[in-house]
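*Asks:* Throughout the sequence shown, residue numbering follows this note's numbering, covering 196 to 584 in sequence. Positions of the beta carbon are idealized from the N, C-alpha and C atoms, including for glycine.
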Amino acid sequence: MADPVTDTQTQRLEFDADRGSSRSRWIALGLIAALVLWMGSGFVFPAPEAPPETRAEPKPVSVATRQSVAEPVPQIFVAEGQALPDRDTTIRAETGGEIAEVLVEKGAFLEAGAVIGRFVLAEREAQLETAREELSRAQREYDNANTLLEKGVATVDRVRQAQAALAAAKAQVASAEEAVENTVIRAPFAGRLEELQIDIGEYVAAGSDVARIVDNTPLTVAIQVPQQAVRSIKPGQKAEVSFITGETAEGEVVFVGSSANAETRTFRTEITVPNADGNIAAGISAEIRIPTGEVVAHFISPAILSLGTDGTLGVKTVTEDDLVEFHEVEIVRAEVDGLWVRGLPDTVRLITVGQGFVNQGEKVAPRTAGELDIEAVEAATPQSAEPAE
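#1: Consult DSSP for R460 and reduce its assignment to one of helix, strand or coil.
#2: According to the Cβ coordinates, are V449 and V258 closer than 9 Å?
#3: Does the separation of the CB atoms of Q422 and T461 fall below 9 Å?
#4: Are I408 and A382 closer than 9 Å when you measure CB to CB?
#5: Report the rounded CA-to-CA distance for E294 versus V416, giving the unit in angstroms.
#6: Nearest-angstrom Cα distance between S496 and R426?
#7: For the structure I just gave you, are there three or more beta carbon pairs, one from the stretch 312 to 324 and one from the stretch 371 to 382, closer than 8 Å?
#8: Taking 7 Å as the limit between beta carbons, can you name the residues of its chain near G291, skipping five residues before and five after?
#9: Let me know the secondary structure DSSP gives F210 once reduced to three states.
#10: Using the Cα positions of G549 and T260, report the straight-line distance between them to the nearest angstrom.
#11: May I ask you to report which of helix, strand or coil DSSP gives G551?
#12: Within a Cβ cutoff of 8 Å, which residues of the same chain sit near T350, ignoring the five residues on either side of it in sequence?
#13: Name, in chain order, the residues that DSSP records as bridge partners for D283.
#14: Within 8 Å, do at least three Cβ pairs link the stretch 427 to 447 to the stretch 473 to 483?
#15: Are the beta-carbon atoms belonging to R544 and A492 less than 9 Å from one another?
#16: From what residue to what residue does the alpha helix (DSSP H) around S370 run?
#17: Look at the alpha carbon of K301 and the alpha carbon of Q356, and state the distance between them as a whole number of angstroms.
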């Protein structure tokens with residue numbers, strides 16, 4: 196029977212018998228080292244970057260364009276006004292009494308000084324006769340007083356009294372003669388008898404309206420000029436006047452107010468219009484067109500106007516590099532077929548179709564409307580434009 200193994204021998208035998216566990220540890224350490232080396236290799240030898248994905252640049256938007264050249268354009272101030280007579284006067288009775296006769300009819304054309312009617316004269320003629328007799332008596336007394344004064348019989352005071360009486364008698368005669376003259380109602384100037392308010396046998400008080408006479412030769416057209424335009428309107432400027440009844444005439448600015456209306460901030464301006472035959476009636480409406488200067492502008496269709504990012508009104512154009520530009524414009528004149536605008540270079544390529552799809556600075560492909568095979572906005576031409584009504 197074998198001898199029992201001591202503790203020391205047992206421990207040694209156990210240690211010598213566990214060689215497989217030592218190899219496992221080395222294998223584990225080797226795997227860990229390999230893993231560390233593999234992970235670190237990514238920093239030392241990074242993988243090549245993949246080439247960036249290239250995208251094709253979008254094609255420029257095609258827009259229709261046309262060449263536009265600026266032209267001198269007269270600036271015209273347009274306003275609505277009213278035709279007024281040159282003179283419009285109400286005739287009033289200068290005395291009171293009964294109307295003896297009426298010599299004209301309403302609507303008649305009268306020359307200056309023409310007799311319209313007369314008052315009854317009997318009483319005034321009697322007063323004139325009495326005044327003349329009193330004047331004769333006063334004249335005799337004055338002459339007698341002077342004769343007596345020369346002879347030393349009369350005093351100076353008596354002569355002065357006679358002289359005062361003579362002056363009073365002369366004044367009385369003049370007053371009576373004026374009263375007789377006032378019984379005749381006359382036209383103060385040549386014109387049309389617009390109203391007649393008296394009839395034979397009617398009693399009229401002094402100061403009452405008896406007639407109205409209107410002179411339409413020439414006519415005066417009154418307009419209101421806004422404060423921002425008043426500096427461009429001056430006396431002597433010519434004006435084209437179109438009356439609502441169809442007549443047209445050339446007038447002249449004769450008055451520009453120097454004080455604005457407190458409510459409307461406008462200045463009253465008057466234009467004289469010849470009306471020799473009197474055919475144009477007073478009181479009708481009229482359109483006034485006054486040339487005020489000249490500017491260089493482009494004629495465009497309203498359809499090509501655009502709004503900028505800040506809300507300003509403008510037009511989009513194309514540069515030589517085919518880039519979009521936005522130009523703020525000012526309308527200087529409106530006509531039937533288009534607008535005259537300023538604020539653009541003298542020569543530009545206007546975008547007539549597609550302006551709503553492009554913005555400032557974008558690259559575009561300018562084409563003609565025919566090349567795009569679309570119906571473009573018809574180009575406005577000054578030759579076809581007529582002034583707006």
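*Replies:* On the basis of the coordinates in this document:
#1: coil
#2: no
#3: yes
#4: yes
#5: Looking at the sequence shown, residue 294 is not Glu but Ile. Using only the alpha carbons, I get a separation of about 37 Å.
#6: 30 Å
#7: yes
#8: V399, A400 and A401
#9: Confidence at F210 is low in this model, with a pLDDT of 46, below 50, so the placement of that residue should be treated as unreliable; the coordinate-derived value is given next. Helix.
#10: 9 Å
#11: helix
#12: L344
#13: V409
#14: yes
#15: no
#16: V351 to E376
#17: 53 Å
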